[in-house]
Every structure is written in structure tokens, then in C-alpha cells.
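Notes follow once the structure below has been shown.
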Amino acid sequence: MEPTSSSAVARQTWELENNIPAAASDPDAMDAIYHYDEAANARAHQEKPWATDPHHFRRARISALALLKMVVHARAGGTIEIMGLMQGKFEGDSIIVMDAFALPVEGTETRVNAQADAYEYMVEYSTINKQAGRLENVVGWYHSHPGYGCWLSGIDVSTQMLNQQFQEPWLAVVIDPTRTVSAGKVDIGAFRTYPKDYKPPDEPVSEYQTIPLNKIEDFGVHCKQYYSLDITYFKSSLDSHLLDLLWNKYWVNTLSSSPLLGNRDYVAGQIFDLADKLEQAEGQLAHSRFGMLMPSQRKKEESPLAKVTRDSSKITAEQVHGLMSQGHQGHPLQLCAPVKQKQGKRKRNRPRFTCA
Numbered sequence: 002m003e004p005t006s007s008s009a010v011a012r013q014t015w016e017l018e019n020n021i022p023a024a025a026s027d028p029d030a031m032d033a034i035y036h037y038d039e040a041a042n043a044r045a046h047q048e049k050p051w052a053t054d055p056h057h058f059r060r061a062r063i064s065a066l067a068l069l070k071m072v073v074h075a076r077a078g079g080t081i082e083i084m085g086l087m088q089g090k091f092e093g094d095s096i097i098v099m100d101a102f103a104l105p106v107e108g109t110e111t112r113v114n115a116q117a118d119a120y121e122y123m124v125e126y127s128t129i130n131k132q133a134g135r136l137e138n139v140v141g142w143y144h145s146h147p148g149y150g151c152w153l154s155g156i157d158v159s160t161q162m163l164n165q166q167f168q169e170p171w172l173a174v175v176i177d178p179t180r181t182v183s184a185g186k187v188d189i190g191a192f193r194t195y196p197k198d199y200k201p202p203d204e205p206v207s208e209y210q211t212i213p214l215n216k217i218e219d220f221g222v223h224c225k226q227y228y229s230l231d232i233t234y235f236k237s238s239l240d241s242h243l244l245d246l247l248w249n250k251y252w253v254n255t256l257s258s259s260p261l262l263g264n265r266d267y268v269a270g271q272i273f274d275l276a277d278k279l280e281q282a283e284g285q286l287a288h289s290r291f292g293m294l295m296p297s298q299r300k301k302e303e304s305p306l307a308k309v310t311r312d313s314s315k316i317t318a319e320q321v322h323g324l325m326s327q328g329h330q331g332h333p334l335q336l337c338a339p340v341k342q343k344q345g346k347r348k349r350n351r352p353r354f355t356c357a
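For any residue, its number in our numbering is found by taking its place in the sequence shown, counting from 1, and adding 1.
Pasting the structure below:
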């Protein structure tokens, strides 16, 4: 298969995996979301419905172009955190992200710091955009959590709270580039923080996610200070051409890398983390012999052993996905094929598998 055709197939697969809608037959209807109503925007800023309802914004709509830009930027950072800003608008209960741009920041494996040159770049970029006729404002920031999931740390919560006080509406987006490559689907989350004195209702976490043992404390302390928004994607009539250009430029070096080879350190870290969690679960089971948990507590919270089972299943699924993606990309690894067996008792007869 030629590189160009394999690149096109990979992009189509990427769009399908992330539920990015196909191009509509009516380009005018598709591009209507890009119309910027300055009067309506100013009116909404005066009314400030988000000031009275902490849950006012419930949805984040992200353009396919902005999503790809953020993923490529996050993936290019590797194990180092990156940061950028998002441009767009808001309509009703939705924050709409139309574009994104990277910031020149100093990052480490656990945090990212914006210096004076980053703020200068931010102001200059926004000014040039306005001069070019792009009236959308900056509506939020994005950064990466390489290998440890999409959630807000204590520093992230403080940063988001500060921006929501002075730059509303403001959205925080977190991308995990390592898990994105492992799972084949963008691991992303969109969040907003609650006001300082607001106490949210005690609701269970909607979706389980794997948190490394050394991050669980930071996650647990701040998880009630923010909420997640539902994420959907959209695409304009011009996005297909821009996506082609961006994809062809970065696909080979960034997004088509082998998950099994590129994420070796991440997988090893997951195995070690799983071993630590198993040891912790074993200790808790030993303690529970002397004091059994009440039935109400057992129902409310998932047991540590059940969480470890989920995490191990996730690791297995990611490794299978990596093997399958290598087979599809033409790597020297072929998928396993069943071998015919002699007909015998059908009760417990199972097919064997062989790999070339």
C-alpha cells in the first residue's frame, strides 16, 4: 500500500474512532457554526448566566482541526507537559472551540509554567488574529498529562479558578498523548471549576479511569472542585483540506508511530503501578478480616481489587490494539490466525492460534 493511501486510511480511522462527523452535503449548514455574532456575544457577557448557575456550561464542542492540532502538540511533547490556548465562542450551554495554538512554555513531567514571553506571544497572536478578521476570543487553555489520565491537579484547579474569575467563559482541556497512542482514540477531558464557596451534590464518578498510585491523592483531594463537560466534535467544509495538509505533514513522525515500541516505558510503568495496587489491595483485604465493611459502604465504593481488575483489563486491551494497529500499518507483525484442529469432542474443544 502506498504511503499516501495508508495515510488517508489512517486519518479516516482516526476520525471514526473519535466520532468526528463526516462532511455534510450542504456546506452552508455545516459552516453556520463559524458565524460570529458580536452583538449576541456582548449581550451574553452582560447577562452572565454562568454567574448564577455553576453548571451553566454542560457541553464542549471542538472542531476537528483544533483537536488534531492539540493532539499533535501534546504528542510532540512526549513525556513533558505542554500548554496552549483555544479560540472560539459560546452559545447557550456550549463552549465552542474553533482553533488552538501552542504556547512557548517551560514544562516538566508533572507541571507546566508560563513565563513572560508566553504572555507576550499570547497577546501578539490574539492581536494579529483580530487584524486578520478572526473575531473569536480565547475561550480556554489546554495542556497534557502524559501517561496519567485526564483530570485537574491542584495547580490546574487553582489556574482554572483564577481564569474563571477574570476571563469568563473559560474552559480547561486535558489530553493524555501517551494513552491516546495506546488506545487509538484521543484521551481527552473538558472541565470547569466550581465557585470557591460552592458545595456540589455528592454524586458518584460517571466514568472510571485509571489513576497511577502516586497521583491518586492529588486526584482525590481536588476531584470535587470541578466537573466535566460532554465533548462533541464538528467539521467545516474547509476543514477536510486543512486536515489533509496537517495530517500529511505530521502523520508519519507523530501519529503513526508504533504503540508497542513507542510506549515501552509507559507500559512498564503501568505494570509496576499495577503491582503496587495489588500489594495495597492485599493489605486492605488482610485488615478487612478483623473489621468487615458494612453493606452500604461496599455498594457505594468499588473495591480496590475490582479497580485493579479494571486496570489490568485496560492494559491488555491496549496491547491487543497495538498489535492489531501494527498489522494494519504493514509492520512485520502479523495478526494471529486460528489453526484447524482434528474433530473430536465438541464440548471443550477450542481453536488454537498461531502467529507468524
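Note that beta-carbon positions come from the ideal geometry of N, C-alpha and C, so glycine has one too.
- Per the Cβ contact rule, the region 123-136 is not in contact with the region 167-178 (fewer than 3 Cβ pairs under 8 angstroms).
- The Cβ-Cβ distance between residue 105 and residue 145 does not fall below 9 angstroms.
- Here the alpha carbons of residue 9 and residue 200 stand approximately 48 angstroms from one another.
- With 16 or more neighbouring CB atoms inside 10 Å of its own CB, residue 192 falls in the buried class.
- DSSP places residue 90 in the strand class (E or B) of the three-state scheme.
- Here residue 155 is exposed: its Cβ has fewer than 16 other Cβ atoms, across all protein chains shown, within 10 Å.
- Nearest neighbour of residue 86 by Cα position, chosen from 68, 150 and 79, turns out to be 68.
- By alpha-carbon distance to residue 170, the top candidate from 54, 14 and 36 is 54.
- Burial state of residue 49 is exposed, judged by a 10 Å Cβ sphere holding fewer than 16 other Cβ atoms.
- Just measuring C-alpha positions, the residue of 147, 36, 141 and 44 sitting nearest residue 73 is 147.
- DSSP, reduced to helix, strand and coil, places residue 59 outside both helices and strands of the structure shown, so it counts as coil.
- A Cβ-Cβ separation of about 6 angstroms places residue 66 in contact with residue 244 under the 8 angstroms criterion.
- With fewer than 16 other Cβ atoms from the protein chains shown falling within 10 Å of its own Cβ, residue 118 counts as exposed.
- Counting only residues of its own chain and dropping the five nearest sequence neighbours on each side, residue 70 has a CB closer than 6 angstroms to the CB of 101.
- Within the model, the alpha-carbon separation for residue 166 versus residue 83 is close to 23 angstroms.
- For residue 140, the closest of 36, 234 and 61 by C-alpha to C-alpha distance is 61.
- Secondary structure of residue 41 (DSSP, three-state): helix.
- Rounded to the nearest whole angstrom, the C-alpha separation of residue 19 and residue 198 is 36 angstroms.
- CA-CA distance, residue 190 to residue 158, rounds to 14 angstroms.
- Between residue 234 and residue 63, the CB-CB gap stays under 9 angstroms.
- Closest in alpha carbon position to residue 150, among 180, 126 and 80, is 180.
- Within the region 93-172, the runs of beta strand (DSSP E) at least 3 residues long that lie entirely inside it are, in chain order, 95-103 and 138-145.
- Classified as exposed, residue 44 has fewer than 16 neighbouring CB atoms from the shown chains inside 10 Å of its CB.
- Within the DSSP secondary-structure output, residue 193 pairs in a beta bridge with 228.
- Looking at the DSSP output, residue 199 bridges to nothing.
- Here DSSP, grouped into helix, strand and coil, assigns residue 53 to coil.
- If you draw a straight line from the Cα of residue 107 to the Cα of residue 51, it is about 32 angstroms long.
- DSSP places residue 64 in the strand class (E or B) of the three-state scheme.
- Rounded to the nearest whole angstrom, the C-alpha separation of residue 129 and residue 240 is 21 angstroms.
- Residue 161 and residue 194 do touch by the CB rule: their CB atoms are close to 5 angstroms apart, below 8 angstroms.
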